[in-house]
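The numbering used here numbers the first residue of the first sequence as 161 and each following residue consecutively.
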Amino acid sequence: MISPPCQPFSPDPILDTASRLPRSFYNRPTPVVAQELLGTRLVHMEQGVRLSGWICETEAYCGEEDLACHAKAGRTPRTAVMYGPPGVAYVYFTYGMHWLFNIVTRPAGLPEAVLVRAIVPAEGLEIIAQRRGSQPRKRWADGPAKLTQSLGIDRRHNNLDLCASDAEIFIAAGISVPDEWVTIGPRVGLGTTPEPWLSKPWRFFIEDAEARLGGQTG
DNA sequence: AGCACGATTAACT
DNA sequence: GTTAATCGTGCTC
161 MISPPCQPFS
171 PDPILDTASR
181 LPRSFYNRPT
191 PVVAQELLGT
201 RLVHMEQGVR
211 LSGWICETEA
221 YCGEEDLACH
231 AKAGRTPRTA
241 VMYGPPGVAY
251 VYFTYGMHWL
261 FNIVTRPAGL
271 PEAVLVRAIV
281 PAEGLEIIAQ
291 RRGSQPRKRW
301 ADGPAKLTQS
311 LGIDRRHNNL
321 DLCASDAEIF
331 IAAGISVPDE
341 WVTIGPRVGL
351 GTTPEPWLSK
361 PWRFFIEDAE
371 ARLGGQTG
């Protein structure tokens, strides 16, 4: 009995991971990575089911000097992940109940990351509906804690290398987003963070994302 | 050991 | 616009 032939590619787009973004994508200035993540897909392969959404809102957090960034406290058990290599998930807990998903940027030693703040759900809609069905569809994943709830992301995924070929969470290449679709402004929810950090234009989002991305098939 | 606060959300008035 | 929910983290005593 001969071995079956290797699959040259996955014929099923639901299982395709060939478009996983490489580590070099994340090893660049954090605001650039944040903007270029718009229009890509955040994918979670959860027990064989593919859950995903189009990334439509991000924020850049830029190291110890950035007083809005957790790394302002230096290297602690929580922030250690941000001091590691780019392309790794930094998932943290806040307000006693919410998980927020970030991706580490820049070379090891520079504690910077992009917070993913919103997605337009694309795949795994049945499961997302189970988790978010108490809310109208437009609100299923239009916030940083809503998207982690939608995709089933939590503490288990902190420090996960998104660039590893077998990682269950990754970013897949998506569509090219025209500059005219993108609004840039100050980050939100920063409370008493002082200037100039409070006003840095490090938030990026696609205007009318649901209409523009909702019909994409990926 | 104790404390104040948080890169939020949903349900109020 | 206001507020409760709920607990890990980092800082002070």
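Each residue gets a CB set at the ideal place from its N, CA and C atoms; glycine is no exception.
Sequence-distant residues of its chain with Cβ nearer than 7 Å to L322 (five each side left out): Closer than 7 Å at Cβ, skipping near neighbours: G247, V248, A249, I263, I329, F330, I331.
Spatial neighbours of V245 in its chain, beta-carbon cut-off 6 Å, leaving aside the 5 residues before and after: One point to set straight first is that residue 245 is Pro, not Val, in the sequence displayed. Hits under 6 Å: A268.
Segment limits, beta strand (DSSP E) that includes A324: Taken as a continuous stretch (DSSP letters only), A324 belongs to no beta strand (DSSP E), as it is neither H nor E.
Per-residue burial, P361 [other beta carbons within 10 Å of its own, 16 or more giving buried]: By the 10 Å Cβ count, P361 comes out exposed.
Segment contact flag, the segment 193-202 with the segment 354-369, C-beta cutoff 8 Å, min 3 pairs: Between the segment 193-202 and the segment 354-369, the count of C-beta pairs closer than 8 Å reaches three or more; the two stretches touch.
Span of the beta strand (DSSP E), counted from its first residue to its last, around V342: Annotation for V342: the continuous beta strand (DSSP E) segment containing it runs 342-345.
S184, enclosing beta strand (DSSP E) - first and last residue: Per DSSP, S184 belongs to no beta strand (DSSP E); it is in the alpha helix (DSSP H), 183-186.
Cα-Cα separation between A240 and L198, rounded to whole angstroms: Roughly 26 Å separates the two Cα atoms.
Cβ-Cβ distance between E272 and A327 below 9 Å: No, these two residues do not count as a Cβ contact at 9 Å.
Own chain partners of P168 with C-beta closer than 6 Å, once the 5 adjacent residues on each side are dropped: Its pLDDT being 41, under 50, P168 is placed unreliably by the model, and nothing is read from it.
Stretch-stretch touch, CB-based, cutoff 8 Å, three pairs: the segment 198-213 with the segment 331-351: Touching, per the Cβ criterion.
Beta-carbon contacts of R151 that lie in its chain and below 8 Å, excluding the five residues immediately before and after: Because the chain here runs from 161 to 378, residue 151 falls outside it and cannot be looked at.
Counted within 10 angstroms of its Cβ, other Cβ atoms place G339 as buried (16 or more) or exposed: According to the sequence provided, residue 339 is Asp. The question's Gly does not apply to it. Its Cβ having fewer than 16 others within 10 Å, D339 is exposed.
N-terminal and C-terminal residue of the beta strand (DSSP E) that I263 is part of: Counting along the chain, I263 sits inside the beta strand (DSSP E) bounded by residues 258-265.
Y250 (DSSP reduced to helix, strand or coil): If DSSP states are grouped into helix, strand and coil, Y250 belongs with the strands.
C-alpha distance - P237 paired with N319, whole-angstrom precision: Spanning the two alpha carbons is a distance of roughly 12 Å.
Status (buried if at least 16 other CB within 10 Å, exposed otherwise) for E286: It is exposed - the Cβ of E286 has fewer than 16 other Cβ atoms within 10 Å.
DSSP-derived helix/strand/coil call for R238: DSSP, read as helix, strand or coil, puts R238 in coil.
V209 in three-state terms, based on DSSP: Strand.
As assigned by DSSP and simplified to three states, the class of L197: Reduced to three states, the DSSP call for L197 is coil.
Rounded Cβ spacing between V251 and R315 (contact assumed at less than 8 Å): Rounded to the nearest angstrom, the Cβ distance from V251 to R315 is 6 Å, consistent with a contact under 8 Å.
Euclidean distance between Cα positions of G303 and A369: Near 13 Å, if we compare the C-alpha coordinates of A369 and G303.
Cβ pair A220, R347 closer than 9 Å: Contact flag set, yes.
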